[in-house]
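Right under this line is the structure:
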């Protein structure tokens, strides 16, 4: 880490990487100028294939928001008509039916619309959620009610995640019908208790939430500080054990954990998620406490989470490889906001990352001028640290799943998104949806 941090601020190396990236951009533009019409003609000669029937994979999409707002609205209305008297929630020891839940909100099926649902981050909402991750997270609550989120888009609730399973299966059916669309849906494991994996696997197996067009990724929210404050965890080691020990047990004794073993066959890897812009009060280094000694209520830094996830996954993958099982990859959210060392950590331990926006600060980003405040393009010696990192990501071909519509509502306006620039320089990028529930109007 220290070596790479020193490397990315080295003046001659920054100049070299900046020039190489400019060369790659200009080379691509030259290629487009010389070959655009030839490629278009060659494309037209290919029989049967066009944009709609080539294989497409959404490499960054969260299961809890994989449907659009209209789909969720139709599903809730349908549930209100068919399952109105089903017990769906327990409030202060008292069971509530779906009808009673909506009566407490003074709502009927007729009252519901995409506007009252209020899960979409668009227009005025964009201004409210921009750089406000807390407000964006609140968009996961239909009608602003967390109880509806728990009922309809959670796997562990009073109805054993039945509604969530049904709506996921409807999304899967749409993907299967289109034939050429695939997705890697992200489900959450929080690390609060040891039985979370068994519950998640039981949900997937019992409801038959499976499709050849879908693979799972498991995301681990960086919320140790919240659990520690609530006395749910004694130290960070307990959180790691809750996340990884069930996987070791299912790998060593698959017959004792049949549902989890079956579920893991459809899991590709792990993600680390949370608001990267939150301040970090600790720098991860040799003096950092071991997980068993991390008992304070402050959250460990981003690099601390990634290192210990990677370390546990490495041992787990060696074991699974020996047992003849498939292995997992680490694919965290990285570089959406926050300090540059997030991208350094991601470079060191990740198969690919999601977002990577902070790699963009190479060219076209103005630098402050003199007393007059003139802004101009940066010279190689004045460019930020990102040229070196961006060139390293290019050389290593680390994948970057980019979501311009998501970024537009949170951290970076659409017209400034660096996806075309990354593509022209040869970085391995993919276009992903992130949260269709919040950003899409169509499927």
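Numbering (my numbering), first residue to last: 67 to 509. A virtual CB, placed ideally from N, CA and C, is assigned to each residue, including glycine.
Tell me the rounded alpha-carbon separation between residue i and residue j.
i           : j           : result
residue 301 : residue 84  : 43 Å
residue 460 : residue 242 : 34 Å
residue 445 : residue 452 : Model confidence at residue 445 stands at a pLDDT of 40, short of 50, so the residue's coordinates are unreliable; what they give is reported in the following sentence. So the alpha carbons of these two residues sit roughly 13 Å apart.
residue 152 : residue 164 : 6 Å
residue 462 : residue 413 : 9 Å
residue 232 : residue 173 : 23 Å
residue 486 : residue 411 : 24 Å
residue 141 : residue 465 : 35 Å
residue 491 : residue 87  : 6 Å
residue 43  : residue 150 : Shown here, the chain extends from 67 to 509; a query on residue 43 therefore has no answer.
residue 129 : residue 106 : 36 Å
residue 310 : residue 356 : 17 Å
residue 75  : residue 68  : 11 Å
residue 274 : residue 322 : 20 Å
residue 244 : residue 503 : 19 Å
residue 353 : residue 108 : 59 Å
residue 425 : residue 419 : 12 Å
residue 364 : residue 250 : 32 Å
residue 112 : residue 385 : 45 Å
With DSSP collapsed to three states, give me the class of residue i.
i           : result
residue 269 : helix
residue 366 : coil
residue 474 : helix
residue 274 : coil
residue 338 : strand
residue 467 : strand
residue 240 : helix
residue 100 : helix
residue 360 : coil
residue 491 : helix
residue 211 : coil
residue 249 : strand
residue 130 : helix
Cα-Cα, which of the options is closest to residue i?
i           : options            : result
residue 253 : 330, 482, 170, 492 : 330
residue 237 : 276, 150, 393      : 276
residue 359 : 304, 490, 257      : 304
residue 382 : 484, 396, 82       : 396
residue 178 : 362, 78, 145       : 145
residue 369 : 99, 389, 388, 348  : 348
residue 324 : 235, 307, 271, 362 : 271
residue 90  : 489, 240, 361      : 489
residue 423 : 416, 102, 409      : 409
residue 366 : 292, 235, 113, 390 : 292
residue 72  : 221, 97, 135, 406  : 406
residue 282 : 474, 124, 346, 502 : 124
residue 118 : 133, 167, 248, 98  : 248
residue 229 : 307, 255, 143      : 143
residue 341 : 268, 476, 244, 389 : 476
residue 261 : 316, 279, 246      : 316
residue 508 : 246, 103, 138, 421 : 138
residue 335 : 308, 298, 392      : 392
residue 280 : 290, 132, 257, 320 : 132
residue 246 : 222, 235, 255, 278 : 278
I'd like to confirm something about residue i: is its beta-carbon nearer than 8 Å to some heavy atom of the ligand SAM, or not?
i           : result
residue 503 : Among the components of this structure there are no ligands whatsoever, and the ligand SAM is therefore not found.
Just checking my contact of residue i with residue j at CB under 8 Å: how many whole Å lie between their CB atoms?
i           : j           : result
residue 219 : residue 171 : With 8 Å as the limit, residue 219 and residue 171 do not qualify as a contact, their Cβ atoms being about 17 Å apart.
residue 338 : residue 375 : 6 Å
residue 312 : residue 326 : 7 Å
residue 333 : residue 394 : 7 Å
residue 472 : residue 500 : 4 Å
residue 80  : residue 361 : 40 Å between Cβ atoms; not a contact.
residue 135 : residue 167 : Wrong, their Cβ atoms sit about 20 Å apart, outside the cutoff.
residue 268 : residue 156 : Not confirmed; about 19 Å, so no contact.
residue 371 : residue 288 : 5 Å
Exercise for the section: Could you name each continuous alpha helix (DSSP H) segment of 4 residues or more that falls completely within the region 71–119, going from the start of the chain to the end? Expected result: 77–111, all fully within the region 71–119.
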